[in-house]
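Numbering (this note's numbering), first residue to last: 38 to 211.
All C-beta atoms, glycine included, are put in the ideal place defined by N, C-alpha and C.
No experiment lies behind these values; they were computed from the predicted model shown.
Comments concern the structure below.
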Amino acid sequence: MSQWGRYLTWALSTPMILLALGLLADVDLGDLFAVIAADIGMCITGLAAALITSSLALRWVFYAISCAFFVVVLYAILVEWPADAAEAGTDEIFGTLRMLTVVLWLGYPVVWAVGVEGLALVQSVGVTSWAYSALDIGAKYLFSFLLLRWVAANQRVVSRTGVTSGADAAPADD
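In structure tokens form, the structure reads like this:
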């Protein structure tokens, strides 16, 4: 039995994390949405891998495709976006949030592979669920706390084009 609800939450929450990182780094919107599309692809193919019960080989093919989408996301936030963050002057907080995201997100495919959906080295649905929950808490709540604390401490205003500060900063005209 797959916990499909987790995949739905991930398909909705992980793009928001990437959106926050991308806006913080003032990433080109086309690049940002391409990475978000890869992220959603990762979630959908991960769900497909979890739901397939008729063929073990096909299950692992979808897992591999999901991991390939994940590599696209990792490449963007580890290689491409840091230069944008440095240019935007947000490289310190971006680096912190990026590393938190990468380290915790790397845990998800590991839990899948060793948990009940993968090799079942951990055969307890409860243990697998708790592992996902622990990753979720760090990846979402700790991320949000650190970002909000940084925004409050820096008195920055996020505009449509990214992060600006100082006397010229103004809220976006929505």
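8 Å contact criterion, which residue i and residue j should meet: CB distance rounded
| i | j | result |
| --- | --- | --- |
| Arg-43 | Tyr-169 | 6 Å |
| Trp-142 | Ala-101 | Between Ala-101 and Trp-142 the Cβ distance is about 17 Å, and since that is not below 8 Å, they are no contact. |
| Val-153 | Val-147 | Actually they are not in contact, since the Cβ atoms of Val-153 and Val-147 sit about 14 Å apart, beyond 8 Å. |
Contact check, residue i vs residue j, beta carbons under 8 Å
| i | j | result |
| --- | --- | --- |
| Leu-61 | Ala-113 | no |
| Leu-58 | Leu-134 | yes |
| Thr-82 | Phe-99 | yes |
| Met-79 | Ser-103 | yes |
| Pro-119 | Phe-107 | no |
Rounded straight-line distance, which links the Cα of residue j to that of residue i
| i | j | result |
| --- | --- | --- |
| Ala-105 | Gly-163 | 28 Å |
| Thr-198 | Trp-41 | Confidence at Thr-198 is low in this model, with a pLDDT of 41, below 50, so its placement is unreliable and the value that follows should be read with caution. Each residue's alpha carbon lies about 35 Å from the other. |
| Glu-124 | Val-116 | 14 Å |
| Ile-226 | Ser-161 | A query on residue 226 cannot be resolved here, the shown segment of the chain reaching from 38 to 211 and no further. |
| Val-212 | Leu-172 | The chain is shown from 38 up to 211; residue 212 falls before or after that span and cannot be answered. |
| Met-96 | Gly-144 | At residue 96 the sequence reads Arg, which differs from the Met that was named. So the two alpha carbons sit approximately 19 Å from each other. |
| Trp-47 | Asp-65 | 23 Å |
| Leu-111 | Leu-137 | 12 Å |
| Tyr-75 | Val-139 | Correcting the residue type first, residue 75 is Ala in the shown sequence and not Tyr. Rounded to whole angstroms, Ala-75 to Val-139 spans 15 Å at the Cα level. |
| Pro-52 | Ser-91 | 30 Å |
| Ile-174 | Ala-150 | 20 Å |
| Ala-190 | Leu-69 | 26 Å |
| Leu-183 | Asp-63 | 18 Å |
| Phe-180 | Val-188 | 12 Å |
For residue i, three-class secondary structure by DSSP
| i | result |
| --- | --- |
| Glu-129 | helix |
| Gly-152 | coil |
| Asp-63 | coil |
| Thr-82 | helix |
| Met-38 | With a pLDDT of 43 at Met-38, under the threshold of 50, the modelled position of this residue cannot be trusted; read the value that follows with caution. Coil, per DSSP. |
| Ala-204 | With a pLDDT of only 49 at Ala-204, under 50, the local geometry of the prediction cannot be trusted, and no value is derived from it. |
| Ala-71 | helix |
Option nearest residue i by Cα separation, candidates the options
| i | options | result |
| --- | --- | --- |
| Glu-45 | Ile-77, Leu-156, Phe-70 | According to the sequence provided, residue 45 is Leu. The question's Glu does not apply to it. With distances taken between Cα atoms, Leu-45 lies closest to Ile-77. |
| Ala-157 | Val-188, Leu-93, Leu-84 | Leu-93 |
| Leu-8 | Gly-155, Asp-68, Glu-129, Gly-67 | No answer is possible for residue 8: the residues shown for the chain start at 38 and end at 211. |
| Thr-165 | Ala-87, Asp-63, Leu-69, Ala-71 | Ala-87 |
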